[in-house]
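For reference, the structure is listed below as structure tokens.
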Amino acid sequence: MSADNLSTNYNPANIESKWYETWENHGYFKPTFDKENSFSIVLPPPNVTGSLHMGHGFNNAVMDALTRYHRMKGYNTLWQPGTDHAGIATQMVVERQLGQQGLSRHDLGREKFIEKVWEWKGQSGGNITRQIRRLGSSVDWSRERFTMDDELSDVVKEVFVRLHEDGLIYRGKRLVNWDVKLQTALSDLEVESHDEQGSLWHFKYYFADKNLTTTDGKNYLVVATTRPETLLGDTAVAVYPDDERYQHLIGKMIVLPITGREVPIVADDYVEKDFGTGCVKITPAHDFNDYDVGKRHELPLINIFDLHGCVLNHFDYIAKAGEPISQNPPAPSDYAGLDRFVARKKLIEQAQNEGWLEKIEPHALKVPKGDRSGVVIEPLLTDQWYVKIAPLAKPAIEAVQNGDIKFVPEQYTNMYMAWMRDIQDWCISRQLWWGHRIPAWYDDKGGIYVGRDETEVRQKHNLGDTPLRQDDDVLDTWFSSALWTFSTLGWTGTNKDFDNDILQKFHPTSVLVTGFDIIFFWVARMIMMTLHFVKDKDGKPQVPFKTVYVHGLVRDGEGQKMSKSKGNVLDPLDLIDGIDLESLVAKRTTGLMNPKDAPKIEKATRKEFADGIAAFGTDALRFAFASLASTGRDINFDLKRVEGYRNFCNKIYNATRFVLMNCQEQAIGTEPRPDLWGLPEQWIVSRLQKCEKAVALAFETYRLDLAAQAIYDFIWNEYCDWYLELTKPVLNDPAVSSEQKSEIRRVLLSVLEVALRLAHPIMPFITEELWQTMTPLLGKGGESIMLSAYPECDDSKINEQAESDMAWLQSLIGAVRNIRGEMKLGNAVRLPVLIQGASDEQQASLVRIDSQFKALAKVESLTIVGENDEVPLSSQALIGSLKVLVPMKGLIDPTAEIARLQKVRDKLQAQADGIAKKLSNEGFVAKAPAAVVEVERTKLSELEAQIGEVEKQLGELGNL
73 MSADNLSTNY NPANIESKWY ETWENHGYFK PTFDKENSFS IVLPPPNVTG
123 SLHMGHGFNN AVMDALTRYH RMKGYNTLWQ PGTDHAGIAT QMVVERQLGQ
173 QGLSRHDLGR EKFIEKVWEW KGQSGGNITR QIRRLGSSVD WSRERFTMDD
223 ELSDVVKEVF VRLHEDGLIY RGKRLVNWDV KLQTALSDLE VESHDEQGSL
273 WHFKYYFADK NLTTTDGKNY LVVATTRPET LLGDTAVAVY PDDERYQHLI
323 GKMIVLPITG REVPIVADDY VEKDFGTGCV KITPAHDFND YDVGKRHELP
373 LINIFDLHGC VLNHFDYIAK AGEPISQNPP APSDYAGLDR FVARKKLIEQ
423 AQNEGWLEKI EPHALKVPKG DRSGVVIEPL LTDQWYVKIA PLAKPAIEAV
473 QNGDIKFVPE QYTNMYMAWM RDIQDWCISR QLWWGHRIPA WYDDKGGIYV
523 GRDETEVRQK HNLGDTPLRQ DDDVLDTWFS SALWTFSTLG WTGTNKDFDN
573 DILQKFHPTS VLVTGFDIIF FWVARMIMMT LHFVKDKDGK PQVPFKTVYV
623 HGLVRDGEGQ KMSKSKGNVL DPLDLIDGID LESLVAKRTT GLMNPKDAPK
673 IEKATRKEFA DGIAAFGTDA LRFAFASLAS TGRDINFDLK RVEGYRNFCN
723 KIYNATRFVL MNCQEQAIGT EPRPDLWGLP EQWIVSRLQK CEKAVALAFE
773 TYRLDLAAQA IYDFIWNEYC DWYLELTKPV LNDPAVSSEQ KSEIRRVLLS
823 VLEVALRLAH PIMPFITEEL WQTMTPLLGK GGESIMLSAY PECDDSKINE
873 QAESDMAWLQ SLIGAVRNIR GEMKLGNAVR LPVLIQGASD EQQASLVRID
923 SQFKALAKVE SLTIVGENDE VPLSSQALIG SLKVLVPMKG LIDPTAEIAR
973 LQKVRDKLQA QADGIAKKLS NEGFVAKAPA AVVEVERTKL SELEAQIGEV
1023 EKQLGELGNL
């Protein structure tokens, strides 16, 4: 192999695609079963309709780094991939396509529509998996799963039936987030809160008792609301229990405008007595907080809207929460059939005309809207299927309390616990066609039967030929996702599971990598479901994973959430492959929920990206993600960081080419010869061990930011900037033996080879390319760097003396370089250097580093002078009390040097004045610890000494 195998310039596009194809085709991502320890991780299933966003990019970079690290550490390693059927999103995509043909799903019927969805999935559904490959994710594609696969669908039915048999699934009428456009219930995660400017309407509700008045003599209460239309369904007015204005009214009746119904005045802590009028209308059937108030006071629930958000002809009246409808009071005739917002407008007009609207105030609102439809969500009473959560939550809480599951960072444990202890039953039914159809059947008499299929239902309940119809609803996609860690590994719930090598070897999984925003919706539900269903050979419940690594949300450089409406969304593939400005503008303005945002976003895009986005490559993007993987909640993403790591990749690439060019035609030692090592070799090998130790600790503690920093510092700052430079003069020195040069080349290559293995989990492509090119020169190698051993620290190779000497050398070189720069002397000028004030130990060290110092600092001579020796007029730099002197005669312009020294003196004087002022403050001296005061006095003394030296030099320069 030679440097000629590498192109002159680093081009990630030429490297990345070929290596991923090689890895996948050779089956390197598949797990082995021959190791003692196993590591497994499941890919949080992205929506099959989706495309990569920055959250996916970050999440995949973290998971792949962990997977590659453990694979190289010698673990049986499985990264299980798969996609989610994404009920609402997928159904919307296919319905939109049908709409372009003038058809609806109802025109096709359920079966034909489902066929269309599967057809779409086969053609377009694999887009996101292709993108995941582009990120370099080393998932075992041979085990790819889809939540609607037959095997996984069987698991879903099995779990539903068993939960029902255990009394943990039931059907009931409760309040849900209802999307009036999509005609389905939504989870809280599918509801977005939008800040909008609305109004607060103040209405007069008159007392039923004509003689009743408020403390200020009024025969009515003023009730403030942001949703006037729901007045039709009020069943109470609530006040704060200790509000003196209303205490005498508690238990009295008040008359609802328009309907004339009498409702009670109740006392409840939910009311904020200082908000609005301190009186709150309670509409249990159309507000989640009111629903809870209604349960506490056993209020009736009156549903006034149909599924389209229009006022019903006859309201659904329910005596108490959870009870069936008992009567149907008619709606006011002139409101029946009106859309909710039309009804609002009419009600306000009526209140104004009849005199019971007191006032309208502007009011900032958080309006809940469906994330897919964009319409305002209506809390609505509907018949749905629920999972009874409390019995499942108890063992899930205990699993975290006893340490079976650990959250990283630990702060998320408290978030998890707070939610689990206040958990509500889970609505699992959705009014869609695409998804896992609920395995329940109904007869004409209202009987409900649950089973794995209709045949089982008929046999189990002796139904014979009784006509049955299956429930039309499907399960919430989070239901199948909650089974993800075991459904993907072949769980069946039978004794066959104990013969399943994959399940036995890789479950529980090692770690789940996820965002904090779905701890409630996914993480907790996986824990509950897995503990309930999966047992080990001893019958002990299994957790789904041992660690939950929680990362923050990826935001833009200003910390703003990325969204299409803001025009700040970045596509990871655009950063990897680059994109021109026109294409970027088109992507950002296409498919916006509000097309009116397009001009604003186009203008912002053109301003921010004048020439589009450069191609940074996958490795640079992944390294940027790793560098941001701290324990903070949010991740502010900056393109300059990616650009910096693109430069880092280029640095590694060019350094490797340099090493190859200096080693390929030369003799290289085959075995280490530490007896031939000089200070540079002792130092770089020692620093490598400490880097290996730091990276290992960072991976084990999920601090990929620290791993990235350690790798970056070692490769760029220590190997490239120092060690490579230190070897150049030695390799070019004819006085150095060929044997020693051979060993230096071996160290050059071997340290770089180890550094590439260290970086591989984070930067897989460039490390594979360079490793394959250079390892033959060392007489070793292998099929792939990803199958090689991950480096481990050898403490015996840590050399503290060498590190101390090297730090000393770096300080001296830095001092000379500073003098050279300040004196404006080019590198071609070799300088005489005097060292004054060196201790015996420093003098001994100077002898050890003499040759390296002269070579790198471009020093002609190095002379140690005594503390009291006369020295010629020199430019100096201080390292503590040690002086590094460069005689000025014949080298500098005295006028320029005087100006430089005056700036140095002024800077030192400003520092000294600041400390002197602090020490003159009696309060500081009296209150600060004595050690702190003494440190400040020592600093001042040192600064005064340095000022004296500079002034001495100024005086001498003035005499030239």
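Numbering-wise (the working numbering), the sequence shown opens with residue 73 and increments by one.
Glycine included, C-beta positions come from ideal geometry on N, C-alpha and C.
If you're wondering where the values come from, they're calculated on a predicted model, not measured in any experiment.
In chain order, 813 place their CB closer than 6 Å to the CB of residue 803, counting only its own chain and leaving out the 5 sequence neighbours on each side. Residue 615 sits close to residue 471, with the two beta carbons spaced by under 8 Å. DSSP places residue 95 inside the alpha helix (DSSP H), whose first and last residues are 84-97. Secondary structure note for residue 712: it is in no beta strand (DSSP E), and the uninterrupted alpha helix (DSSP H) holding it is 711-735. Residue 185 holds the alpha-carbon nearest to the alpha-carbon of residue 170 among 156, 185, 161 and 662.
Under the DSSP assignment, residue 389 falls outside any alpha helix (DSSP H), being part of the beta strand (DSSP E) whose first and last residues are 383-390. Excluding residues up to 5 positions away in sequence, 869 lie with their Cβ nearer than 6 Å to the Cβ of residue 757 in the same chain. Non-local beta-carbon contacts of residue 851 in its own chain, meaning distances under 8 Å to residues more than five positions away in sequence, involve 742 in chain order.
Separation of the CB atoms of residue 144 and residue 861 is rounded to 6 Å, and the pair is thereby assigned contact status at 8 Å. Here the C-alpha atom of residue 1013 lies approximately 60 Å from the C-alpha atom of residue 469.
Bounds of any beta strand (DSSP E) do not take in residue 134; it lies within the alpha helix (DSSP H) bounded by 126-144.
Apart from the 5 residues on each side of it in sequence, residue 268 sits with its Cβ closer than 7 Å to the Cβ of 437 and 439 in its chain, given in chain order. Using a 10 angstroms sphere on the CB of residue 979, the tally of other CB atoms stays under 16, which defines it as exposed. Cβ contact annotation for residue 792 (same chain, cutoff 7 Å, sequence separation greater than five): 723 and 727, in chain order.
Taken in chain order, the whole beta strand (DSSP E) runs of length 3 or more contained in the stretch 206-237 number zero. In this model, residue 325 and residue 310 are separated by some 11 Å (Cα to Cα). With respect to residue 210, residue 152 sits apart: the two C-beta atoms are not nearer than 8 Å. Note on residue 520: under 16 other CB atoms within 10 angstroms of its CB, so exposed under the neighbour-count rule. Burial check for residue 156: the Cβ neighbour count within 10 Å reaches 16 or more, so the residue is buried. Sequence-distant partners of residue 929 (beyond 5 residues in either direction) whose C-beta falls short of 6 Å from its own C-beta, in its chain, are 885 and 888.
In chain order, 304, 376, 383, 384, 385, 386 and 387 place their CB closer than 8 Å to the CB of residue 403, counting only its own chain and leaving out the 5 sequence neighbours on each side.
Using a Cβ-Cβ distance cut-off of 8 Å, the stretch 584-596 and the stretch 482-491 are in contact, since at least three pairs of beta carbons, one from each stretch, lie closer than that value.
If you compare the alpha carbons of 159, 959, 512 and 98 with that of residue 122, the shortest gap goes to 159. The beta carbons of residue 734 and residue 818 sit no closer together than 8 Å.
In the DSSP annotation of this structure, the continuous segment of the beta strand (DSSP E) that includes residue 258 starts and ends at 256-258. Contact check between the stretch 827-834 and the stretch 771-791: three or more CB pairs, one atom from each, fall below 8 Å, which counts as touching.
Assigned with DSSP and collapsed to three states, residue 342 falls in coil, not helix or strand. Within the DSSP bridge table, the entry for residue 266 names 439 as partners. With 16 or more neighbouring CB atoms inside 10 Å of its own CB, residue 729 falls in the buried class.
Ranked by Cα distance from residue 266, the first of 441, 167, 682 and 292 is 441.
DSSP places residue 297 in no alpha helix (DSSP H) but in the uninterrupted beta strand (DSSP E) bounded by 292-297. Cβ-Cβ separation between residue 825 and residue 845: approximately 11 Å, too far for a contact (criterion under 8 Å). When secondary structure is reduced to three states using DSSP, residue 611 falls in the coil class, being assigned neither helix nor strand. Taking the Cα positions, residue 282 is about 25 Å away from residue 348. Between the stretch 96-108 and the stretch 212-223, the count of C-beta pairs closer than 8 Å reaches three or more; the two stretches touch. For residue 892, there are no CB contacts under 6 Å within the same chain when 5 residues up- and downstream are skipped.
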